Amino acid sequence: EGFHIPLAKFIHAGRPDDTLIQLLRANVRTPDQTLGDIWAQVSANELMERRVLRLLEDYQLDSLEPLGDELFARSERAMRQAISVVPDGTYRYAFRTDGTGAPFDFAIALTVAGDDIVADYTGTSPAQPRAINCVLAYTYAMTAYAIRCSLLPGLANNEGMYRPVTVRAPEGCLLNPRFPAAVVSRAVTGHYVPVLVLGALHQVIPDKVMAGAGSPLWALTQSGLGEDGKPYTTVLFFNGGMGATPRKDGEHVLSWPSNISSTPVEVAERQSPLYFHYKRLRPGSGGAGRFRGGLGQDILIESESERPLIASFMAERTRFPAPGLAGGADGGTGDVRINGRRIDHRRQHVLTRGDQVLVRTPGGGGYGPSSERDPKLVRRDRELGYVPQRAPSRRPRPG
């Protein structure tokens, strides 16, 4: 965080910029991995260049711009048509999240006027000294994504889709921080934006939105010295349950809204001195409802390193759960434990050989009253172990 590189050419006139490469190697903790990633991107870019040129040649085109302009125009027309079906008005939604001491407030006023839509995040907590602030571009992307998912999920994701969408957030708030606020973990904040948008839209198009998910994404970052004495860093991602929809139960352990996959256990154990005892679903973590929220997961990991490891965590919804909708119950909260004791996941922890970390991710919110759930689905949940014998009841959300 804080290392900025102005726009520069990695390769100029066919030759790599050795000074830039040395600068990068000197400022990252894992230079071999980082440069390997960059060279992979260079290779992908060169392949794309060859295939685009071949496409132009095959179709006897001088430029892709006319084609792009037409695609943008079609997407814009489709999005405006979808927005125009939503009744005009301003729809509000708000909730609290765990925060970094005191809870954070998030709020949205979503205004539909004709074929335009404006999302205003006035009322959101101010930016923080930690690296969890969300730049406005990310806020915009998450807003447009949620609108597209609810109004026109099959629409191509391009510039035209965004033209009818305006996003406003007070300068200096969590969703629009002032430079040089720290922003490297902006997803921890930005992943709440779609929940705000869908919560507001639920008031006017309840059949097209889902309940809150057990996101933002979770992560365990552990670093230390390998057997060869060289420093290494490994980041492991974990996911909670999806929110239920008006038509089906939420999916278990699925990344949303960003498409983040978990590192396979075999790969993680090969790359780091960690041993995975188990990864399994968390019974009862999905919010009850006509349709149940997706389950979170339990992951038990043990350090086998002869040297101390530094572990830091990215975890949310440990105090404030994923909200249910239309009378559905909230999802279960998550937590992190070391050797059986619940810890403050917002600070770093030192792990020694034999220490065990239990990561328990949150579940998604339910949709609709649980009294309306199909008895066949209730029996299936019990047979599959998705609910404990006596699941703790949770307060239903107002419809």
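Letter 245 of the sequence shown, counting from 1, is numbered 1008 in the numbering used here, and no numbers are missing. Built from N, CA and C at the ideal position, the CB exists for glycine as well. Since this is a predicted model, take the numbers as computed values, not measurements.
Rounded straight-line distance, which links the Cα of residue j to that of residue i
{"i": "A1074", "j": "S1035", "result": "12 angstroms"}
{"i": "A807", "j": "L1147", "result": "43 angstroms"}
{"i": "Q1152", "j": "R1045", "result": "13 angstroms"}
{"i": "N920", "j": "D825", "result": "24 angstroms"}
{"i": "F1039", "j": "D800", "result": "26 angstroms"}
{"i": "T885", "j": "A857", "result": "11 angstroms"}
{"i": "K971", "j": "Q804", "result": "37 angstroms"}
{"i": "Y903", "j": "E1067", "result": "43 angstroms"}
{"i": "M1077", "j": "H1108", "result": "7 angstroms"}
{"i": "G1095", "j": "K1011", "result": "18 angstroms"}
{"i": "R788", "j": "I768", "result": "13 angstroms"}
{"i": "G975", "j": "A890", "result": "23 angstroms"}
{"i": "S838", "j": "S913", "result": "15 angstroms"}
{"i": "G1057", "j": "R855", "result": "26 angstroms"}
{"i": "H1112", "j": "L827", "result": "52 angstroms"}
{"i": "V1150", "j": "R1136", "result": "14 angstroms"}
{"i": "L783", "j": "E809", "result": "20 angstroms"}
{"i": "Y822", "j": "P829", "result": "13 angstroms"}
{"i": "E922", "j": "G953", "result": "20 angstroms"}
{"i": "Y925", "j": "Q796", "result": "35 angstroms"}
{"i": "I1101", "j": "L819", "result": "57 angstroms"}
{"i": "P1138", "j": "F1054", "result": "11 angstroms"}
Own chain, CB closer than 6 angstroms to residue i, minus 5 neighbours either side, in chain order
{"i": "T1026", "result": "L999"}
{"i": "Y995", "result": "G989"}
{"i": "T874", "result": "T853, V881"}
{"i": "I1106", "result": "V1099"}
{"i": "L964", "result": "S913, V972"}
{"i": "V1028", "result": "F1039"}
{"i": "D1144", "result": "V1150"}
{"i": "I1064", "result": "L1037, F1039, V1120"}
{"i": "P710", "result": "Nothing can be reported for residue 710: it is not among the residues displayed for the chain, which extend from 764 to 1162."}
Collapsed DSSP secondary structure at residue i in the structure displayed
{"i": "W981", "result": "strand"}
{"i": "S1075", "result": "strand"}
{"i": "F766", "result": "coil"}
{"i": "Y1149", "result": "coil"}
{"i": "P779", "result": "strand"}
{"i": "Q1119", "result": "strand"}
{"i": "F1001", "result": "strand"}
{"i": "R843", "result": "helix"}
{"i": "F1083", "result": "coil"}
{"i": "L1088", "result": "strand"}
{"i": "E1065", "result": "strand"}
{"i": "R911", "result": "helix"}
{"i": "Y1041", "result": "strand"}
{"i": "P829", "result": "helix"}
{"i": "S1018", "result": "coil"}
{"i": "A803", "result": "helix"}
{"i": "Q1060", "result": "strand"}
{"i": "Y822", "result": "coil"}
{"i": "V898", "result": "coil"}
{"i": "T874", "result": "strand"}
{"i": "F835", "result": "helix"}
{"i": "D883", "result": "strand"}
{"i": "D1012", "result": "coil"}
{"i": "V848", "result": "helix"}
{"i": "V928", "result": "strand"}
{"i": "A865", "result": "coil"}
{"i": "A974", "result": "coil"}
{"i": "D1098", "result": "strand"}
{"i": "H860", "result": "The identity of residue 860 in the sequence shown is Thr, whereas the question assumes His. Here T860 sits in strand by DSSP."}
Other residues of its chain near residue i: CB distance less than 8 angstroms, five sequence neighbours each side excluded
{"i": "V898", "result": "N939, P940, V946, R949"}
{"i": "D780", "result": "A771, K772, F773, I774"}
{"i": "W981", "result": "F1000, F1001, N1002, G1003, F1076, M1077, A1078, E1079, G1097, V1122, T1124"}
{"i": "A876", "result": "D851"}
{"i": "R1116", "result": "S1066, E1067, S1068, E1069"}
{"i": "F766", "result": "N790"}
8 angstroms contact criterion, which residue i and residue j should meet: CB distance rounded
{"i": "A1092", "j": "G1131", "result": "That pair is no contact at about 10 angstroms."}
{"i": "G1126", "j": "A1085", "result": "7 angstroms"}
{"i": "D878", "j": "R843", "result": "4 angstroms"}
{"i": "T887", "j": "F869", "result": "5 angstroms"}
{"i": "D915", "j": "A845", "result": "The question names Asp, but residue 915 is Leu in the sequence shown. Going by Cβ atoms, the distance from L915 to A845 rounds to 4 angstroms, so yes, they are a contact pair."}
{"i": "K1042", "j": "I1023", "result": "That belief does not hold up - the Cβ atoms of K1042 and I1023 are roughly 15 angstroms apart, past 8 angstroms."}
{"i": "G1128", "j": "G1050", "result": "4 angstroms"}
{"i": "L1072", "j": "Q966", "result": "Actually they are not in contact, since the Cβ atoms of L1072 and Q966 sit about 47 angstroms apart, beyond 8 angstroms."}
{"i": "N896", "j": "L959", "result": "That pair is no contact at about 16 angstroms."}
7 angstroms CB neighbourhood of residue i in its chain, flanking five on each side removed
{"i": "T860", "result": "P866, F867, F869, Y955, E1079, F1083"}
{"i": "V928", "result": "I880, T906, A907, I910"}
{"i": "A1154", "result": "The pLDDT assigned to A1154 is 49, lower than 50, so where the model puts this residue is not dependable, and the model offers no usable value."}
{"i": "P933", "result": "T885, N939"}
{"i": "R893", "result": "T863, A945"}
{"i": "H1015", "result": "G1004, L1044, G1057, L1058"}
{"i": "V1172", "result": "Beyond the ends of the chain as shown, which are 764 and 1162, falls residue 1172; an answer cannot be given."}
Beta carbon proximity, residue i to chain D, threshold 9 angstroms
{"i": "I910", "result": "Of the protein chains in the structure, only one exists, and it is not chain D."}
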